[in-house]
Structure formats: structure tokens, C-alpha cells
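Some notes on the structure that comes next.
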Amino acid sequence: MNWIGFRTLLAKETRRFFRVPGQTLAQPVVTTTLYFLVFGYALGGRVREIDGVPYLQFIVPGLVMLALIQNSFLNSASSMFIAKVQGTIVDLLVAPLGPLELVLAFTLGAVVRGFVVAGTVWIVGALFTGVVAAHPLWMFVFALLVAATFGLIGLAVAIWSNQFEHLNIIPTFVITPLTFLGGVFYSAQMLPGIWAKITRANPILYMVQGLRYGMLGGEHAPWPGLALTAALFVAALSITWWMLASGYKLRG
Numbered sequence: 001m002n003w004i005g006f007r008t009l010l011a012k013e014t015r016r017f018f019r020v021p022g023q024t025l026a027q028p029v030v031t032t033t034l035y036f037l038v039f040g041y042a043l044g045g046r047v048r049e050i051d052g053v054p055y056l057q058f059i060v061p062g063l064v065m066l067a068l069i070q071n072s073f074l075n076s077a078s079s080m081f082i083a084k085v086q087g088t089i090v091d092l093l094v095a096p097l098g099p100l101e102l103v104l105a106f107t108l109g110a111v112v113r114g115f116v117v118a119g120t121v122w123i124v125g126a127l128f129t130g131v132v133a134a135h136p137l138w139m140f141v142f143a144l145l146v147a148a149t150f151g152l153i154g155l156a157v158a159i160w161s162n163q164f165e166h167l168n169i170i171p172t173f174v175i176t177p178l179t180f181l182g183g184v185f186y187s188a189q190m191l192p193g194i195w196a197k198i199t200r201a202n203p204i205l206y207m208v209q210g211l212r213y214g215m216l217g218g219e220h221a222p223w224p225g226l227a228l229t230a231a232l233f234v235a236a237l238s239i240t241w242w243m244l245a246s247g248y249k250l251r252g
């Protein structure tokens, strides 16, 4: 383990997004505030409670999960893709850094950004609703696993992508639709027939439910979300490790 190289690359990954706080912090705060104003107060006047939870509180975990997933993915994906486009990936390949150091540094950088932005969104939500953590240890571990998983997915997608349009396919056509249809603003039990079945086939639904359990408690079993996220983590780690170890689309 090259600790010096790992710490150097991790510092680079964290400083990169801290240098643009308007994009990484201010933008999520504004967006979250608009979500609360539009969905919370507009729909909250008609939908008082969901599963015994006030509607404004109900949507907080989903918004936090939305910020966590998007920012974890974007941090590792944009960093790796920019390194490929600018040619600085060569510096990493010739440096004494193996797949272990590269995976850890990129993933932890993504986790830090995901936690910073998600934590900011949580604070904004607390200002509106006074949300507290019912199971703080569960919430932390579960959020850590989700952030690491999507950080790895972002890294794999960036390595696979040959152009910017390829990089946008996953967040635009997969992550964003699945997140918005994953029970952020509603409960799957509210949907009729076939739509409820389709929603229950969405993996992000169980991630949102897992974080909702950590924040608000409730009767939803959090274990399906944990098991599903752990399986995705192992799959993403295996694929990313192979890409970095083999130099897939990075050498030559």
C-alpha cells in the first residue's frame, strides 16, 4: 500500500470539488429548498401524512438520498473522465499507484463529496421539519455504503466512456429517473396495481426506504436495501478493480 500516493490522490480529489462551493454546495441547497417549497408545501397541504409521518418529514430522506447518489457518482465520474480527456491519466498510470490506491482514493473522494452535500441537504431539511436521526449508526453505515457504491459506478462509467455523451447516459437515463421514481415523494403503497409492482422492481426504492428507516424509524424493513446495496457494491468494486488492473480503455 502506497500511503503517500493514496493520500496525495485523495487530497486532490477532495480539493477539486471544495474549490467550487457554489456548484457543489450552494446549488443543492437552492434545489432542495425549491423541492420543499414546491412539493412539501404545495402537496403537503393535500397529503398530510404518509405511513404515519408528516409529508414534509417523509420526503427528507429521499432528497438526502438523491443528493448522496448524484454527487457520489458525479465526483468520481467527472474526475476520471477529465483525466482521460486531458491526458493526465498517464500521470496516474506511470506513478507507483496500484488498483488498490486508485480505487480507494477515487471512492473516498466521492464519499466525502456525497456526505458533504447530503449533510447540507439534511440540515436544510431540518430547518423545515426538525428531522432527527432515529437510528444514527444505521443511517451512517447505510449512507456510507450507498455513496461508495455509486462512487465506484461513476468510476467504471467514466473509464468505459469515450465521449461526454456516453458519460451522461447513466445519470440522465438511469440514475435520475430511478431516483425520482424510487419513493422520494411518495410511498409505493399509494400506487395502484401494476405501477406498484414496477416501483417495487426499482432498486433505489429500497435504498430510500433504508435511509428513511435510519432517519425516521418506522415499519419498513431496512434489510432488503442493505442486501441490495451490498451486492451492487461488490459488483461495482469487482468491475472497477478489473478495469484499473487491466488498463481497460486507459492504456494505448
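The numbers in the working numbering rise by one with no breaks, and the one at position 89 of the sequence shown is 89. Yeah, the Cβ is synthetic: ideal placement off N, Cα and C, and Gly gets one too. Bear in mind that the values here come from a model prediction, so they are computed numbers and not experimental data.
query                                                                                                                   : result
Three-way DSSP call (helix, strand, coil) for Pro96 in this model                                                       : coil
7 Å Cβ shell around Thr120 - same chain, five flanking residues per side excluded                                       : Leu25, Pro28 and Val29
Coil, strand or helix - Pro61 by DSSP                                                                                   : helix
Spatial neighbours of Ala156 in its chain, beta-carbon cut-off 7 Å, leaving aside the 5 residues before and after       : Ala236, Ile239, Thr240 and Met243
Collapsed DSSP secondary structure at Pro28 in the structure displayed                                                  : helix
Residues of its chain near Ser161, where Cβ-Cβ distance is below 7 Å and the 5 sequence neighbours each way are ignored : Phe81 and Leu167
Under the three-state DSSP convention, the category Val121 falls into                                                   : helix
Helix, strand or coil at Val146 according to DSSP, with G and I counted as helix                                        : helix
Three or more C-beta pairs below 8 Å linking the stretch 57-68 and the stretch 78-98                                    : no
Coarse secondary structure for Val184, derived from DSSP in three states                                                : coil
Buried/exposed call for Met190, threshold 16 Cβ in 10 Å                                                                 : exposed
One or two residues paired with Val53 in a DSSP bridge                                                                  : Ile50
Extent of the continuous alpha helix (DSSP H) to which His135 belongs                                                   : Taken as a continuous stretch (DSSP letters only), His135 belongs to no alpha helix (DSSP H), as it is neither H nor E.
Rounded C-alpha distance that separates Thr33 from Val124                                                               : 7 Å
Beta-carbon gap between Thr179 and Leu66 smaller than 8 Å                                                               : yes
Sequence-distant residues of its chain with Cβ nearer than 6 Å to Phe58 (five each side left out)                       : Ile50
Ordered list of alpha helix (DSSP H) runs contained in the stretch 173-232, each at least 4 residues                    : 176-180, 193-200 and 203-216
Start-to-end residues for the alpha helix (DSSP H) that takes in Gly5                                                   : Trp3 to Phe18
Nearest neighbour of Ala77, chosen from Phe17, Val132 and Arg48 [CA to CA]                                              : Phe17
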